[in-house]
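Trainee: Sharing a structure here in structure tokens format.
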Amino acid sequence: MTDVRHTVIDSPYDPLTLVAVDGELSRIHMTEQRHRPAEETFGEPDPRPFGEVIRQLDAYFTGELTDFDLLLRLIGTPFQLRVWERLRLIPYGETRTYGELAEALGNPGASRAVGLANGRNPVSIVVPCHRVVGAGGSLTGYGGGLGRKRRLLAFESGAEPDALF
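Numbers given in the working numbering equal positions in the sequence shown, counted from 1, plus 62.
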């Protein structure tokens with residue numbers, strides 16, 4: 063049987079709900095997020111499993127951290143897991159297109175499937191799905207909303223949000 067716990071923290075991008083399974087970060091949910099599961103699946107409220115997660119998120123939001131080093135318990139299909147692992151390789155402040163990710167995964171025709179897997183990323187920000195853009199660099203879908211995506215990309219690049227896209 064698995065032990066599921068959650069806590070809610072403040073962030074510059076609205077409250078974030080952190081969910082741990084057996085002490086490992088499994089999900090981060092934003093308010094009004096697409097594909098947000100029912101709150102009954104978040105487990106008992108308990109901030110104890112999240113000390114290092116909160117420390118690293120705070121450091122990220124203050125610009126002191128550009129690469130997360132956390133134990134993750136990601137649950138998805140083998141293809142989704144490959145996409146999410148590839149997302150973690152996109153450097154801070156940079157973007158990649160869905161097509162570039164598909165090609166890097168060895169399947170150049172799978173950009174649509176990459177987009178679907180990207181949209182199901184359970185730990186946004188830590189696994190930086192916001193760094194994926196459409197062909198030609200266009201701003202496209204984000205489970206947390208395009209406004210948040212624009213703000214995250216602007217934050218990482220040091221630009222004003224309105225200056226992007």
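Yeah, the Cβ is synthetic: ideal placement off N, Cα and C, and Gly gets one too. All figures in this text were calculated on a predicted structure; none of them were measured in a lab.
Measuring CB to CB, does R89 end up less than 8 Å from V185?
Mentor: yes
Trainee: For E94, name the three-state secondary structure that DSSP assigns.
Mentor: coil
Trainee: Closer than 6 Å by C-beta to S219: which residues in its own chain qualify, once you throw out the five before and the five after it? Chain order, please.
Mentor: G155
Trainee: Do you know whose CA, among L208, G203, E86, lies nearest R67's CA?
Mentor: E86
Trainee: Thinking C-alpha only, which one of Q95, A172, Y122, G206 is nearest Q142?
Mentor: Checking every option, the nearest Cα to that of Q142 belongs to A172.
Trainee: Quick check: what's the CA-CA separation for A82 versus A197?
Mentor: 34 Å
Trainee: Tell me where the beta strand (DSSP E) around L143 begins and ends.
Mentor: Unbroken run through L143 is the alpha helix (DSSP H), 140 to 149; no beta strand (DSSP E).
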